[in-house]
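According to the working numbering, the sequence shown is numbered sequentially starting from 10.
Every residue gets a Cβ at the ideal spot worked out from N, C-alpha and C, and that includes glycine.
Just so we're clear, the structure is a prediction, and the values are computed from it rather than from any experiment.
First up is the structure itself, then whatever we jot down about it.
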Amino acid sequence: MGGSSNDSMLVAASDAAGSQDMFNRELQTYRRIMGANLMFHREVYGILRGLLVEHAPASFRFLDIACGDASASAAMLRTMAIGNYVGIDLSKACLRLAAQELDGLPCPVELRCSDFAQAMEKWCEPVDVIWIGMSLHHLPAAGKAQLMHDARRALGGTGLFVISEPALFEEEDRTAWLARFSLLRHEWSAVSDEEFASMERHMLLADFPETVTRWLGMGEDAGFSHAEEIFMMPNKMGRVFRFWNWARIPGCEAGSSC
Ligand SMILES: C[S@@+](CC[C@H](N)C(=O)[O-])C[C@H]1O[C@@H](n2cnc3c(N)ncnc32)[C@H](O)[C@@H]1O
Numbered sequence: 010m011g012g013s014s015n016d017s018m019l020v021a022a023s024d025a026a027g028s029q030d031m032f033n034r035e036l037q038t039y040r041r042i043m044g045a046n047l048m049f050h051r052e053v054y055g056i057l058r059g060l061l062v063e064h065a066p067a068s069f070r071f072l073d074i075a076c077g078d079a080s081a082s083a084a085m086l087r088t089m090a091i092g093n094y095v096g097i098d099l100s101k102a103c104l105r106l107a108a109q110e111l112d113g114l115p116c117p118v119e120l121r122c123s124d125f126a127q128a129m130e131k132w133c134e135p136v137d138v139i140w141i142g143m144s145l146h147h148l149p150a151a152g153k154a155q156l157m158h159d160a161r162r163a164l165g166g167t168g169l170f171v172i173s174e175p176a177l178f179e180e181e182d183r184t185a186w187l188a189r190f191s192l193l194r195h196e197w198s199a200v201s202d203e204e205f206a207s208m209e210r211h212m213l214l215a216d217f218p219e220t221v222t223r224w225l226g227m228g229e230d231a232g233f234s235h236a237e238e239i240f241m242m243p244n245k246m247g248r249v250f251r252f253w254n255w256a257r258i259p260g261c262e263a264g265s266s267c
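Structure below.
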């Protein structure tokens, strides 16, 4: 017997409510993970801050791709001479939190609800720094490469592109990387067994890390003259990379050690 349209509307509504519940649970878990510094946000954003202090121009324009709740970005940027902030994320719930976190930032703030790959394909506004924290790895290799091309084009040959992303050891495959994560259970006491299992399921479905060589190579192929790993997380699951063009960052000349 076929269901009435009211039945299907009820099913659709309960599906939507179910997936919203799931998303909210995952968001709460992610915020707890950040709070317990299990993904090394303190170190990563400390390093990003150092780069901005050293290399970003005065009143720099900052693009936060997949900003999430922007809590770590907001804490970092609050005391800096930032000129403009744009955050992009698909999740309205995250953007609502981001608006609260970024309130009081000493510059214009804009939050856009959009797919970042699509947004970057047609990006044509001036920007000095593009930052991606823990999000580019959701794309397949071709999508990552395209995003890097779009970032380089958006920076217009100047500026700084920084990413913090999961990374495979050379010769390691994704299955072995996922298995390495499972071994971290004892260090992740801030989350329940159920939350850890849901994190593993999410990673199995959505996380596609690259080796260091491939991350750096994609940046070079995108047209950045320089690509460098600048941090490895103590648990060795992820790394921070920066990409730029020689002689285009103030104080950074070809052949210098910056
Ligand atoms: C793990 S959180 C990262 C948040 C923050 N950048 C950080 O450093 O912790 C990943 C974020 O990426 C967003 N996201 C995933 N895929 C996206 C896409 N294609 N376009 C826009 N946002 C996306 C999710 O909504 C989520 O807020």
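Beta-carbon proximity list for residue i, same chain, < 8 angstroms, skipping 5 on both sides
i: Pro149; result: Phe217
i: Ala231; result: Ala154, Met157, His158, Ala160, Arg161 and Phe252
i: Ser17; result: Low local confidence applies: a pLDDT of 38 at Ser17 is under 50, so the model's placement there is unreliable, with the coordinate-based value given in what follows. Cβ within range, chain order: n/a, list empty.
i: Glu7; result: Residue 7 lies beyond the range of the chain shown here (10 to 267); nothing can be said about it.
i: Leu114; result: Ala83, Leu86, Arg87, Ile91 and Tyr94
i: Gln127; result: none
i: Ile56; result: Ile239, Phe240 and Val249
i: Leu225; result: Ala236, Glu237, Glu238 and Phe250
Proximity of residue i and residue j at Cβ, strictly below 9 angstroms
i: Met143; j: Ser173; result: yes
i: Val291; j: Leu60; result: With the chain covering only 10 through 267, there is no way to say anything about residue 291.
i: Phe125; j: Leu156; result: yes
i: Met227; j: Ala176; result: no
i: Ile74; j: Ile141; result: yes
Cα-Cα separation, residue i to residue j
i: Met129; j: Phe170; result: 13 angstroms
i: Ala151; j: Arg40; result: 30 angstroms
i: Val118; j: Ser68; result: 13 angstroms
i: Phe233; j: Met89; result: 26 angstroms
i: Arg34; j: Phe250; result: 30 angstroms
i: Val95; j: Ala160; result: 14 angstroms
i: His195; j: Phe205; result: 10 angstroms
i: Gly77; j: Leu99; result: 9 angstroms
i: Val138; j: His146; result: 19 angstroms
i: Leu192; j: Asn244; result: 10 angstroms
i: Arg248; j: Glu52; result: 11 angstroms
i: Arg70; j: Ser207; result: 36 angstroms
i: Ala65; j: Arg223; result: 26 angstroms
i: Ala236; j: Glu179; result: 17 angstroms
i: Thr167; j: Glu229; result: 14 angstroms
i: Leu120; j: Glu203; result: 32 angstroms
i: Gly44; j: Glu63; result: 27 angstroms
i: Thr38; j: Ile97; result: 21 angstroms
i: Lys131; j: Arg58; result: 28 angstroms
i: Cys116; j: Glu134; result: 16 angstroms
i: Ala42; j: Leu104; result: At residue 42 the sequence reads Ile, which differs from the Ala that was named. About 19 angstroms.
Same chain, Cβ closer than 6 angstroms to residue i, five either side skipped, listed in chain order
i: Ala81; result: His50 and Tyr54
i: Leu72; result: Val95, Val136 and Ile139
i: Met241; result: Arg248
i: Glu219; result: none
i: Val221; result: Ala176 and Glu238
i: Ala215; result: His147
Close Cβ partners of residue i (< 7 angstroms) along its chain, the five nearest in sequence each way excluded
i: Leu187; result: Met212 and Leu213
i: Trp197; result: Leu47 and Phe205
i: Leu106; result: Asp78
#### Entry: Meets three-Cβ-pair contact criterion under 8 angstroms: the region 104-112 and the region 177-195
no
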